[in-house]
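Beneath this line is the structure, given in structure tokens, with notes to follow.
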Amino acid sequence: MNLRWSFLVISVLTLRAVLAVCFAQADKPWERPGTKVGDEITGPDGGKMVWVPAGGFEMGSPEGEGYSWEHPAHRVGITKGFWLGKCEVTNAGYRQYCRETGAEFPKDSDQADNHPVVCVTLAEAKAYCKHYELSLPTETQWEYAARGPEGRKYPWGNEWDPKKCCNNANQGPKGTTFPVGSLSPGNSWCGASDLAGNVWEWCRDWYGEKYYAQSPTDDPQGPDSGEYGVLRGGSWYVDAGYCRSAFRNWFLPSLRYSYNGFRAARTP
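Numbering (my numbering), first residue to last: 38 to 305.
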């Protein structure tokens with residue numbers, strides 16, 4: 038084979054490799070970053086995801102507000118943008134996961150398909166995410182998606198409005214959850230729904246009551262270990278104080294409750 042043919046073969050193989058990468062990215066939009074806040078894609082589990090760009094915000098609550106485990110308020114940087122589930126994982130989505138993997142569907146998650154799945158443990162939520170090459174959001178990612186650079190008290194702003202989320206003064210048709218995304222006026226700055234109310238959402242971090250005092254400035258990941266998992270956002274069972282974006286809740290990771298669910302994330 039002469040030099041000209043060798044060069045041609047190498048060029049064709051290189052082009053094929055480049056095209057393969059491009060087509061792979063086109064088929065998997067969650068593996069590349071969005072272009073602007075709120076961009077929407079369909080994630081690998083079939084759910085909608087919204088783009089949350091890199092940035093920074095004041096995490097936690099200032100002295101005189103909130104609870105001791107929300108202190109101190111501290112500046113945090115999000116150095117990488119990420120995709121976040123536009124809504125909580127639904128019964129339909131989790132049932133599909135169970136069909137694909139043989140996992141057991143939680144029998145007490147008995148609302149309609151478009152309601153959030155509940156009664157899942159932290160390990161089950163993580164297993165779902167791993168199956169689809171997703172993850173749970175960190176506490177920091179979750180709070181940033183809820184509050185934004187302006188540090189909103191609630192996802193929609195600083196004034197409480199019980200009609201903008203599912204809470205104990207505005208419960209769903211059976212006295213618990215609403216279908217996901219039903220209360221879009223309560224969406225956050227990045228277009229995510231139900232970050233306040235509906236169900237508590239598992240985060241990736243272990244809970245550390247005093248972690249904020251030693252948290253790194255950029256991309257905190259939580260303590261290395263712990264007894265409790267972190268949940269965020271409030272639920273149909275609670276009032277305004279627990280639906281604040283800065284409020285931190287914690288449960289034993291093995292417990293199942295009808296007011297606990299989750300949403301997925303992906304950092305390209």
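Backbone N, C-alpha and C define an ideal beta-carbon position, used for all residues, glycine too.
- Take residue 192, set aside five residues on each side of it, and the residues of its chain with a beta-carbon closer than 7 Å to its own are 183, 223, 224, 225, 232, 233 and 282, in chain order.
- In the DSSP assignment, the residues bridged to residue 238 are 269 and 298.
- Cβ-Cβ distances below 7 Å link residue 166 to 172, 173 and 301 in the same chain, with the five nearest sequence neighbours on each side left out; the list follows chain order.
- Looking only at 164, 278 and 201, the smallest Cα-Cα distance to residue 126 is reached by 164.
- Per DSSP, the beta-bridge partners of residue 153 are 127.
- The distance from the Cβ of residue 266 to that of residue 288 is about 6 Å, consistent with a contact at the 8 Å cut-off.
- The residues 155, 156, 237 and 288, in chain order, have a CB closer than 8 Å to that of residue 294 in the same chain once the five nearest residues on each side in sequence are set aside.
- The beta carbon of residue 250 sits closer than 7 Å to those of 109, all from its chain and outside the five residues before and after it, given in chain order.
- Residue nearest to residue 131 within the set 168, 190 and 176 is 168 (criterion: CA-CA distance).
- A residue is called buried when at least 16 other Cβ atoms come within 10 angstroms of its Cβ; residue 196 does not meet this threshold and is exposed.
- In the structure shown, residue 226 falls within a coil segment according to DSSP collapsed to helix, strand and coil.
- Between the region 135-147 and the region 270-280 there are fewer than three inter-stretch CB-CB distances shorter than 8 Å, so the stretches are not counted as touching.
- Around the C-beta of residue 91, fewer than 16 other C-beta atoms lie within 10 Å, and the residue is accordingly described as exposed.
- Across the structure, residue 296 and residue 64 are spaced so that their CA atoms are roughly 35 Å apart.
- In the three-state DSSP reduction, residue 121 falls in the strand class (E or B).
- Within a 10 Å sphere around the beta-carbon of residue 162 sit 16 or more other beta-carbons, which makes this residue buried.
- Nearest to residue 258 by alpha-carbon distance, out of 151, 194 and 113, is 113.
- Rounded to the nearest angstrom, the gap between the Cα atoms of residue 239 and residue 105 is 21 Å.
- For residue 213, there is no enclosing alpha helix (DSSP H), as DSSP gives it neither H nor E.
- Beta-carbon to beta-carbon, residue 188 and residue 119 are separated by about 19 Å, too far to satisfy the 8 Å threshold.
- For residue 150, the closest alpha carbon among the candidates 269, 199 and 218 is that of 218.
- In the DSSP assignment, residue 278 falls within the alpha helix (DSSP H) that extends over 277-280.
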